[in-house]
Amino acid sequence: MRLQERAIAPEVSLVIPLVDEAESLPVLAGEIRAALATTGKTYEVIYVDDGSTDESPSVLRALAREDPRVRVIRQRRHSGQSAALAAGFSLVRGAVVVTLDADLQNDPADIPRLLEQLGEHDVVCGVRTRRQDSWLRKASSRIANGVRNRVTGESIVDVGCSLRACRSEFLRGVPAWSGMHRFLPTLLRMAGARVTEVSVSHRPRLHGRPKYTIRNRIWRALVDLVGVRWMQSRWIDPELSEEIDVWTPNTCGSRSDFSARRSSSAASSSSGSLPSARKRASSHAPSGS
């Protein structure tokens with residue numbers, strides 16, 4: 000039964016990077032099951048363990064044994080959130096990818112609202128309301144968002160919120176590098192995605208401790224910001240080109256005659272018909288959030 004369930008691609012793939020979240024994982028798994036049950040969608044949950052040193056590996060193995068929708072990825076060494084996300088993105092099978100943190104501060108109950116917004120958009124980013132963080136973390140995030148938006152020309156309110164839903168096709172156009180998670184909405188927009196934001200809840204941390212501090216990320220974030228601005232200035236727009244369907248008349252007759260002969264030939268399984276290819280231009284155009 001497990002192999003049969005795995006053989007069918009799910010509609011939604013959840014990617015959850017984590018480090019030392021053993022106490023939070025069983026609660027998170029239950030909340031995900033409850034939240035996704037209301038959507039009626041098939042899904043998989045990909046936990047990416049980025050070098051945990053607590054009981055997280057054994058907890059994850061237990062979750063995977065209990066639920067065939069759970070997949071566990073173990074990084075060979077601690078490599079950071081961007082590397083963990085990239086590892087998860089490379090293995091997703093769903094047409095939609097949802098990301099969230101494992102520390103229970105993101106509420107899985109908000110996932111159905113994000114999925115609903117994908118009808119008109121390609122990426123839906125959460126904006127944390129009534130953040131349950133210290134004033135210093137909130138102030139530093141506000142400053143970082145302002146600087147980031149000013150340099151990149153963006154308008155993302157809360158890039159630090161990990162709760163997002165995205166059509167997986169756009170993730171294939173995002174370069175994987177250490178630090179990319181801080182600029183993911185911008186990178187997805189550069190790939191041609193339509194990005195929007197919705198309010199989501201935010202909860203206090205009950206277990207463990209924060210993995211990021213202002214000191215261990217500010218200088219790297221500034222360097223990354225310069226790099227992203229450089230990429231924007233050199234980026235090749237994926238919507239720049241489209242293939243044109245051109246028919247060249249010849250002495251064999253009109254275009255309608257050619258089409259009739261091609262249909263007739265195909266029906267009779269003849270090998271003398273000419274191939275025809277048409278590339279549909281993407282309808283996804285970048286827009287402001």
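Counting in numbering that gives the first Met the number 0, the sequence shown runs from 0 upward without gaps. Just so you know, even glycine gets a beta-carbon here, dropped at the ideal spot from N, CA and C. Small disclaimer: the values here were computed from a predicted structure and weren't measured.
Which residues in the same chain have their Cβ closer than 8 Å to the Cβ of V95, if we skip the five residues on either side of it in sequence? For this step, residue 95 is matched to residue 96 along the sequence shown. Closer than 8 Å at the Cβ level, and outside the excluded window around V95, lie E10, V11, S12, L114, L117, A164, C165, R166 and S167.
Inspect the CB distances between the region 117–126 and the region 60–73 and report whether three or more fall short of 8 Å. Verdict: no, contact absent.
Once you ignore the five residues that flank P111 on each side, which residues in its own chain have a CB closer than 7 Å to its CB? Walking along the sequence shown from the start, residue 111 turns up at place 112. Within the same chain, P111 has close Cβ partners A34, T37 and T38.
Within 10 angstroms of its Cβ, does S267 collect 16 or more other Cβ (buried), or is it exposed? On the sequence shown, residue 267 is found 268 positions in, with the first residue counted as 1. In this prediction, S267 has a pLDDT of 43, which is less than 50 and means its spatial position is unreliable; what the coordinates show is noted afterwards. By the neighbour-count rule (16 or more Cβ atoms within 10 Å), S267 is not buried but exposed.
Cα-Cα separation, R260 to W246: Counted from its first residue, the sequence shown places residue 260 at position 261. Counted from its first residue, the sequence shown places residue 246 at position 247. Confidence in R260 is poor, its pLDDT being 46 and thus under 50, which makes the residue's placement unreliable; the coordinate value appears in the next sentence. Cα atoms of R260 and W246: separation of roughly 15 Å, rounded to the nearest angstrom.
Just grab the DSSP bridge partners of S198 for me. As a working mapping, residue 198 is identified with position 199 in the sequence shown. V126.
Taking 8 Å as the CB-CB cut-off, is T195 touching chain E? In the structure shown, chain E does not exist; there is a single protein chain.
Which whole-angstrom value describes the C-beta separation of S81 and H201, a residue pair presumed to lie in contact below a C-beta threshold of 8 Å? Position 82 of the sequence shown, counted from the start, is the residue given in the question as residue 81. Position 202 of the sequence shown, counted from the start, is the residue given in the question as residue 201. With 8 Å as the limit, S81 and H201 do not qualify as a contact, their Cβ atoms being about 22 Å apart.
Residue range of the unbroken alpha helix (DSSP H) whose run includes W58: The count along the sequence shown starts at 1 and reaches residue 58 at position 59. For clarity, residue 58 is Val in the given sequence; the question names Trp instead. Unbroken alpha helix (DSSP H) run through V58: S55 to E65.
Does the beta-carbon distance from Q74 to A86 come in below 8 Å? The sequence position of residue 74 within the sequence shown is 75, counting from 1. The sequence position of residue 86 within the sequence shown is 87, counting from 1. Yes, Cβ-Cβ distance for Q74 and A86 is below 8 Å.
Which ranges would you report for the beta strand (DSSP E) in the region 152–176 if only whole runs of at least 3 residues count? Scanning the region 152–176 for uninterrupted beta strand (DSSP E) segments of 3 residues or longer gives 163–166, listed from N- to C-terminal end.
Since L59 and L90 should fall inside the 8 Å C-beta cutoff, what is the C-beta to C-beta distance between them, to a whole number of angstroms? Your numbering for residue 59 matches position 60 in the sequence shown. Your numbering for residue 90 matches position 91 in the sequence shown. In fact, because the Cβ distance is near 15 Å, the residues do not count as touching under 8 Å.
May I ask which residues mark the beginning and end of the alpha helix (DSSP H) holding S81? Walking along the sequence shown from the start, residue 81 turns up at place 82. Residues Q80 to F88.
When the Cα of S198 is compared with those of E241, L183 and N105, which residue comes out closest? As a working note, residue 198 is residue 199 in the sequence shown. For the residues E241, L183 and N105, the minimum Cα distance to S198 belongs to N105.
Kindly indicate which three-state DSSP category L187 falls into: helix, strand or coil? Locating residue 187 in the sequence shown gives position 188, where the first residue counts as 1. L187 falls in the helix class under three-state DSSP.
Local conformation of V69 per DSSP, three classes: Taking the first residue of the sequence shown as position 1, residue 69 is located at position 70. If DSSP states are grouped into helix, strand and coil, V69 belongs with the strands.
Once you ignore the five residues that flank I297 on each side, which residues in its own chain have a CB closer than 6 Å to its CB? In this structure the chain extends from 0 to 288, so residue 297 is not present and cannot be described.
Beta-carbon proximity list for A326, same chain, < 6 Å, skipping 5 on both sides: Past the boundaries of the shown model lies residue 326; the chain is included only from 0 to 288, so the question cannot be answered.
Cutting at 7 Å between CB atoms, please list the residues of its own chain near E119, excluding the five before and the five after it. Locating residue 119 in the sequence shown gives position 120, where the first residue counts as 1. So no residue of the chain qualifies.
Reference L162; option with closest CA among V14, A8 and I7: As a position in the sequence shown, residue 162 is number 163, starting the count at 1. In this structure, V14 is the residue among V14, A8 and I7 with its C-alpha nearest to the C-alpha of L162.
Distance between I31 and A192 (C-alpha atoms, nearest Å): By one-based count along the sequence shown, residue 192 stands at place 193. By one-based count along the sequence shown, residue 31 stands at place 32. When rounded, the distance between both Cα atoms is 26 Å.
Pick helix, strand or coil for P203, following the three-state DSSP scheme. As a first step, residue 203 is located in the sequence shown; it is residue number 204 there, counting from the start. P203 falls in the coil class under three-state DSSP.
Any idea which residues DSSP pairs V96 with across the strands? Mapped onto the sequence shown, residue 96 falls at position 97. V96 pairs with S12 and C165.
Could you please give me the residues that DSSP links to V44 through a beta bridge? Locating residue 44 in the sequence shown gives position 45, counting from the first residue. In the DSSP output, where bridge partners are listed per residue, V44 has L13 and V69.
Three-state secondary structure (DSSP) at R193? As a working mapping, residue 193 is identified with position 194 in the sequence shown. Strand at R193.
CA-to-CA distance, F88 to S264, given in whole angstroms: For the purposes of this step, residue 264 is identified with residue 265 of the sequence shown, where counting begins at 1. For the purposes of this step, residue 88 is identified with residue 89 of the sequence shown, where counting begins at 1. Caution applies to S264, whose pLDDT of 44 falls short of 50 and renders its modelled position unreliable; the value that the coordinates give is listed next. Roughly 44 Å between the two C-alpha positions.
Of the listed residues A8, E241 and L99, nearest to T41 (C-alpha basis): By 1-based counting over the sequence shown, the position of residue 41 is 42. Checked all of A8, E241 and L99; the closest Cα to T41 is A8.
Looking only at its chain, what residues have a beta carbon closer than 6 Å to the beta carbon of A175, apart from the 5 residues adjacent to it on each side? Here the question's residue 175 lines up with position 176 in the sequence shown. In its chain, beyond the 5 residues on either side, A85 have a beta carbon closer than 6 Å to the beta carbon of A175.
Is it buried or exposed, G159, if we count other Cβ atoms within 10 angstroms and call 16 or more buried? Taking the sequence shown and counting its residues from 1, the one referred to as residue 159 is at position 160. Around the C-beta of G159, 16 or more other C-beta atoms lie within 10 Å, and the residue is accordingly described as buried.
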